[in-house]
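In what follows, a single structure is set out as structure tokens and then discussed.
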Amino acid sequence: MSATAVTVPRREVLEKLTPVLTKRWLSPDAWRIDVYERLDGYAALRKALAAHPDALIQLIKDSGLRGRGGAGFPTGLKWGFIPQNDGKPHYLVVNADEGEPGTCKDLPLMMHDPHSLVEGVIIAAYAIRADRAYIYIRGEAVHAARRLRNAVKEAYAAGYLGRNILGSGFDLDLVVHSGAGAYICGEETALLDSLEGFRGQPRLRPPFPATHGLYASPTVVNNVGTISSVPYIVLGGAAWWKTMGTEKSSGPMIYSLSGRIANPGQYECSLGITLRELIELAGGMQPGHSLRFWTPGGSSTPLLTAEHLDVPLDFEGVAAAGSILGTTATQIFSDQDCPVYATYRWLEFYYHESCGKCTPCREGNYWMVRVYRRILSGQGTYEDLDTLLDTCDNILGRAFCGLGDGATSPVTSSLKYFKQDYLDYIEGRTAPKLSDKALVGAH
Amino acid sequence: MGFSEATHARAREIIARYPAGRERSALLPLLHLVQSEEGHVTPAGVQFCAEQLGLTKAQVSAVATFYTMYKRKPTGDWLVSVCTNTMCNVLGGQAVYDALSEHLGVGHDETTEDGTITLEHAECLAACDYGPVMTVNYDFFDNVDPDIALNLVERLRAGERPQPTRGARLCTLKEMSLQLAGFADEREGAVADGPPGASTLRGVRLAQENGITVAGFDPGTPIGKPAERPAGPEKANAGAATAAGVASNEPARDASPSGQPSEPRQRNLKEAK
Numbered sequence: 000m001s002a003t004a005v006t007v008p009r010r011e012v013l014e015k016l017t018p019v020l021t022k023r024w025l026s027p028d029a030w031r032i033d034v035y036e037r038l039d040g041y042a043a044l045r046k047a048l049a050a051h052p053d054a055l056i057q058l059i060k061d062s063g064l065r066g067r068g069g070a071g072f073p074t075g076l077k078w079g080f081i082p083q084n085d086g087k088p089h090y091l092v093v094n095a096d097e098g099e100p101g102t103c104k105d106l107p108l109m110m111h112d113p114h115s116l117v118e119g120v121i122i123a124a125y126a127i128r129a130d131r132a133y134i135y136i137r138g139e140a141v142h143a144a145r146r147l148r149n150a151v152k153e154a155y156a157a158g159y160l161g162r163n164i165l166g167s168g169f170d171l172d173l174v175v176h177s178g179a180g181a182y183i184c185g186e187e188t189a190l191l192d193s194l195e196g197f198r199g200q201p202r203l204r205p206p207f208p209a210t211h212g213l214y215a216s217p218t219v220v221n222n223v224g225t226i227s228s229v230p231y232i233v234l235g236g237a238a239w240w241k242t243m244g245t246e247k248s249s250g251p252m253i254y255s256l257s258g259r260i261a262n263p264g265q266y267e268c269s270l271g272i273t274l275r276e277l278i279e280l281a282g283g284m285q286p287g288h289s290l291r292f293w294t295p296g297g298s299s300t301p302l303l304t305a306e307h308l309d310v311p312l313d314f315e316g317v318a319a320a321g322s323i324l325g326t327t328a329t330q331i332f333s334d335q336d337c338p339v340y341a342t343y344r345w346l347e348f349y350y351h352e353s354c355g356k357c358t359p360c361r362e363g364n365y366w367m368v369r370v371y372r373r374i375l376s377g378q379g380t381y382e383d384l385d386t387l388l389d390t391c392d393n394i395l396g397r398a399f400c401g402l403g404d405g406a407t408s409p410v411t412s413s414l415k416y417f418k419q420d421y422l423d424y425i426e427g428r429t430a431p432k433l434s435d436k437a438l439v440g441a442h
Numbered sequence: 000m001g002f003s004e005a006t007h008a009r010a011r012e013i014i015a016r017y018p019a020g021r022e023r024s025a026l027l028p029l030l031h032l033v034q035s036e037e038g039h040v041t042p043a044g045v046q047f048c049a050e051q052l053g054l055t056k057a058q059v060s061a062v063a064t065f066y067t068m069y070k071r072k073p074t075g076d077w078l079v080s081v082c083t084n085t086m087c088n089v090l091g092g093q094a095v096y097d098a099l100s101e102h103l104g105v106g107h108d109e110t111t112e113d114g115t116i117t118l119e120h121a122e123c124l125a126a127c128d129y130g131p132v133m134t135v136n137y138d139f140f141d142n143v144d145p146d147i148a149l150n151l152v153e154r155l156r157a158g159e160r161p162q163p164t165r166g167a168r169l170c171t172l173k174e175m176s177l178q179l180a181g182f183a184d185e186r187e188g189a190v191a192d193g194p195p196g197a198s199t200l201r202g203v204r205l206a207q208e209n210g211i212t213v214a215g216f217d218p219g220t221p222i223g224k225p226a227e228r229p230a231g232p233e234k235a236n237a238g239a240a241t242a243a244g245v246a247s248n249e250p251a252r253d254a255s256p257s258g259q260p261s262e263p264r265q266r267n268l269k270e271a272k
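Order-wise, the sequence lines are chains F and S.
Counting in numbering that gives the first Met the number 0, the first sequence runs from 0 upward without gaps.
Counting in numbering that gives the first Met the number 0, the second sequence runs from 0 upward without gaps.
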């Protein structure tokens, strides 16, 4: 995409906007229960409690809803794995530990429409027969947590939580549990360990959380966006939900656009929209910038380039283009941004956030950061590039969770598309971006 | 030092949130609680948590040192965090951090001599559409630059409480820690603070201005019938869960403990070579 001036989106592109989960954000007081109730709030809960729990699981299966946290696992299938009549307590845990670099869709949702998440929790817990649910919210997300705790309190007072909800005989307790600063806790098994009061470190699978999750009991772990979608599906039905998105990736999705575009922000669109269309909605690139590289769904998804402007941004389309849809956190970088430096900063992140459990991730990220500092200080060698790829080869697939795998994404994809940028540092054509001071302690 | 009676009462309230026999789940909120009284997690705070939960001090310390929000040395009233992750960084976040560090004369995780401000560089704060961002005691100041940031810390040092761009009026780190322990923000109107920012509303406002809605929404649509489930205990389902887990998310093996084959990532590695 060329360095265009600010543009006005065409009608056919505007029509890809699907305001569903974001619609109430326009009502400034929708976080209050009385306003929420006036805007269809808790209507889905009344409807759901009149239905059989298995009918709700079937409804979510029929809708084709897939997890909004990055993996895209079919939600109804996940719910269906919970063994019934097994005599064990069941748990629903909402993953609100948003922190994947680039991702910023769950925090605004919890801030401006917290009851939609609470309502979704109650319906999902009813469907899987859980009488306790937890929302594990990122520690730093303090204002979202204020609104959420307030919503939970209001829901208890209104009889939507607690004993015998709306006379249905269904009981549910919901606790909002703040984390304490650890990206790894967004990984579902590390989250469960953290929620149990341990260091947040991932567990070996199997067993999977569906049978041995929180407190070794059957547990569903779902993302904020996934659970907040549930009330809309209960109200509008599976067929309506599938009028949005593509055959295998149904529904609306909140695309978080950041970086070198005229109007960064949250754009809820039909799954399968392209980056070209998203940039058009965002008013074009910033003046003087032209697209060079971007992440389709956070820093753990391999970088794409201006060649990929027309890739459908759904689970299948992005995978076919060699990346991952992830959290649809679309970070847009221009010809004025350096892919080597961008990758270096992401690596500092993975190095900082590696929980230390698995040697390849802990040591690999430590050393890759040092190699990047050397390259960016103008002291890199050709061998450094081999070292980076060799290190990635030794991390990918060799750690307990996806954090290590994710760290390799920017490294391998930037080397694939932008090797010349690396060579320009090594061969002295690009001025060093870091000073020698950054090399203290490096080997 | 001994903790106050109010803190003891709050500790009991926190522990009661979790199922009997699962009290250890209260550890993270309890650590936030002791930090709310002492400003950081002290040896006495570790001992307090250990006593409440019947754990050893070593068990509590192992958890406290894992999470970055538990501070191990005294902090200022104002924890100033600047995002220096990639997006904020290239948009100017690194310059903001460097300017603050030079101006305040402190580095990462250090506190000014007057004890008012602790500076840190933070990883992604989940507000990339407002980058570069910084937070004061975790409430957001959006689209900052070095001048805005320097002015902000000077106002803090002068005893003012500047209003965050989105989020509630500022409270001290101790007051914030109490909220993190799961207690309501009792300040009149604080929950109501913080209207949505322009970037948050960009897409939905664009739809509204152009009259775009999703057609066909009928809240009366019937839910339908449940699929048949076998009667009686479903032992088989545990097997089904594992089998499906295996299909979607391969189990661990020596060569691949994460069990998550990521074809696109492997393809990038291969093509980069």
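We put the beta carbon where it would ideally sit given N, CA and C, even for glycine.
Would you please verify whether the beta carbon of lysine 224 (chain S) is less than 8 Å from any beta carbon of chain F?
True, the Cβ-Cβ gap to chain F drops below 8 Å.
Against chain F, which members of the segment 32-56 of chain S pass a CB distance test of less than 9 Å?
Cβ contacts with chain F come from Leu52 and Leu54.
Suppose the cutoff is 7 Å on Cβ atoms and the five residues either side in sequence are ignored; what does the same chain contact list for serine 255 (chain F) look like?
Hits under 7 Å: Gly101, Thr102, Cys103, Lys104, Gln265, Thr327, Ala328 and Thr329.
Would a check of beta-carbon distances place proline 263 (chain F) closer than 8 Å to chain S?
Proline 263 (chain F) counts as touching chain S.
Could you check whether the Cβ of glutamine 162 (chain S) sits closer than 8 Å to any Cβ belonging to chain F?
By this cut-off, glutamine 162 (chain S) is not an interface position.
What residues match up with leucine 118 (chain S) in a beta bridge as DSSP calls it?
For leucine 118 (chain S), which the question treats as bridged, DSSP gives the partners S:Val79 and S:Glu109.
Name the residue from S:Arg71, S:Gln162 and S:Asp128 whose alpha carbon lies nearest to the alpha carbon of threonine 117 (chain S).
With distances taken between Cα atoms, threonine 117 (chain S) lies closest to S:Arg71.
With DSSP as the reference, label proline 113 (chain F) as helix, strand or coil.
Three-state result, proline 113 (chain F): helix.
Using three-state DSSP, classify methionine 175 (chain S) as helix, strand or coil.
Correct three-state label for methionine 175 (chain S): helix.
Report the residue from S:Leu200, S:Tyr129, S:Thr110 and S:Pro225 whose alpha carbon sits nearest the alpha carbon of proline 73 (chain S).
The candidate whose alpha carbon is nearest that of proline 73 (chain S) is S:Thr110.
I'd like the ranges of any beta strand (DSSP E) spanning at least 3 consecutive residues and lying wholly in the segment 67-151 of chain F.
Taking only runs of at least 3 residues, the beta strand (DSSP E) segments lying wholly in the segment 67-151 of chain F are 90-95 and 131-136.
Is glycine 258 (chain F) helix, strand or coil when you go by DSSP?
Reduced to three states, the DSSP call for glycine 258 (chain F) is strand.
Please classify lysine 15 (chain F) as buried or exposed, where buried requires at least 16 neighbouring CB atoms within 10 angstroms.
The residue in question, lysine 15 (chain F), is buried, as its Cβ has 16 or more Cβ neighbours within 10 Å.
For alanine 95 (chain F) versus cysteine 354 (chain F), is the C-beta spacing smaller than 8 Å?
Taking 8 Å as the Cβ cut-off, alanine 95 (chain F) and cysteine 354 (chain F) do not qualify as a contacting pair.
Got a sec: is the Cβ-Cβ distance from leucine 16 (chain F) to anything in chain S below 8 Å?
For leucine 16 (chain F), the answer is yes, since a Cβ of chain S falls inside 8 Å of its Cβ.
Mind checking the segment 28-50 of chain F against chain S and listing, in chain order, the residues whose C-beta falls within less than 9 Å of any C-beta there?
Cβ contacts with chain S come from Asp28, Trp30, Arg31, Asp39, Ala42, Ala43, Lys46, Ala47, Ala49 and Ala50.
By the DSSP assignment, the alpha helix (DSSP H) with arginine 198 (chain F) in it spans what residues?
First-last for arginine 198 (chain F): undefined, no H or E at that position.
Let's see if you can read the secondary structure: which residues bound the beta strand (DSSP E) around glycine 264 (chain F)?
264-269 is the extent of the beta strand (DSSP E) around glycine 264 (chain F).
So which residues on chain S does asparagine 221 (chain F) lean against when the C-beta distance must stay under 9 Å?
None at all; the shortest Cβ gap to chain S is about 15 Å.
For a contact meaning CB atoms closer than 8 Å, what does glycine 104 (chain S) contact in chain F?
None at all; the shortest Cβ gap to chain F is about 17 Å.
Does the Cβ-Cβ distance between tyrosine 129 (chain S) and serine 198 (chain S) come in under 8 Å?
Yes; because the gap between Cβ atoms is below 8 Å, this pair is in contact.
Using only the alpha-carbon positions, how far apart do glutamate 99 (chain F) and aspartate 113 (chain S) sit?
Using only the alpha carbons, I get a separation of about 35 Å.
Applying the criterion that 16 or more other CB atoms from any shown protein chain within 10 Å of the CB defines a buried residue, is alanine 235 (chain S) buried or exposed?
At alanine 235 (chain S), the pLDDT of 45 sits below 50, so the modelled position is not reliable and the matter cannot be decided from this model.
Secondary structure at phenylalanine 47 (chain S), three-state DSSP: helix, strand or coil?
It is helical.
For proline 251 (chain F), list the residues DSSP reports as bridge partners.
Note: proline 251 (chain F) sits in a beta bridge opposite F:Ser269.
Counting Cβ pairs, one atom from each stretch, are 3 or more of them under 8 Å apart for the segment 147-157 of chain S and the segment 9-17 of chain S?
No contact exists between the segment 147-157 of chain S and the segment 9-17 of chain S.
Quick check on this structure: which residue in F:Gly71, F:Ala406, F:Glu195 and F:Asp172 has the alpha carbon closest to the alpha carbon of arginine 148 (chain F)?
Taking only the C-alpha atoms, the option nearest arginine 148 (chain F) is F:Asp172.
In terms of residues, what are the limits of the beta strand (DSSP E) holding arginine 291 (chain F)?
Unbroken beta strand (DSSP E) run through arginine 291 (chain F): 290-294.
For alanine 328 (chain F), which of helix, strand or coil comes out of DSSP?
Reduced to three states, the DSSP call for alanine 328 (chain F) is strand.
Report buried or exposed for alanine 273 (chain S), applying the criterion of at least 16 other Cβ atoms within 10 angstroms of its Cβ.
Outside the displayed span of chain S (0 to 272) sits residue 273 (chain S), for which this structure offers no information.
Pull out every residue of the segment 173-196 of chain F whose Cβ sits closer than 8 Å to any Cβ of chain S, in chain order.
The segment 173-196 of chain F vs chain S, Cβ under 8 Å: Val174, Val175, His176, Ser177, Gly178, Ala179, Gly180, Ala181, Tyr182, Ser193, Leu194, Glu195 and Gly196.
For leucine 203 (chain F), count the other beta carbons within 10 Å of its own beta carbon; 16 or more makes it buried, fewer makes it exposed. Which is it?
Classification for leucine 203 (chain F): exposed.
So, is proline 163 (chain S) buried or exposed, given that buried needs 16 or more other C-beta atoms within 10 angstroms?
Classification for proline 163 (chain S): buried.
If you drop the 5 nearest sequence neighbours on each side, which residues of the same chain put their C-beta closer than 7 Å to that of serine 247 (chain S)?
With a pLDDT of only 49 at serine 247 (chain S), under the threshold of 50, the placement of this residue in the model should not be trusted, and no figure is reported.
By the criterion of Cβ-Cβ separation under 9 Å, what are the contact partners of alanine 318 (chain F) in chain S?
Per Cβ cutoff of 9 Å: Glu262 and Pro263.
Taking 8 Å as the CB-CB cut-off, is phenylalanine 216 (chain S) touching chain F?
Interface residue, yes.
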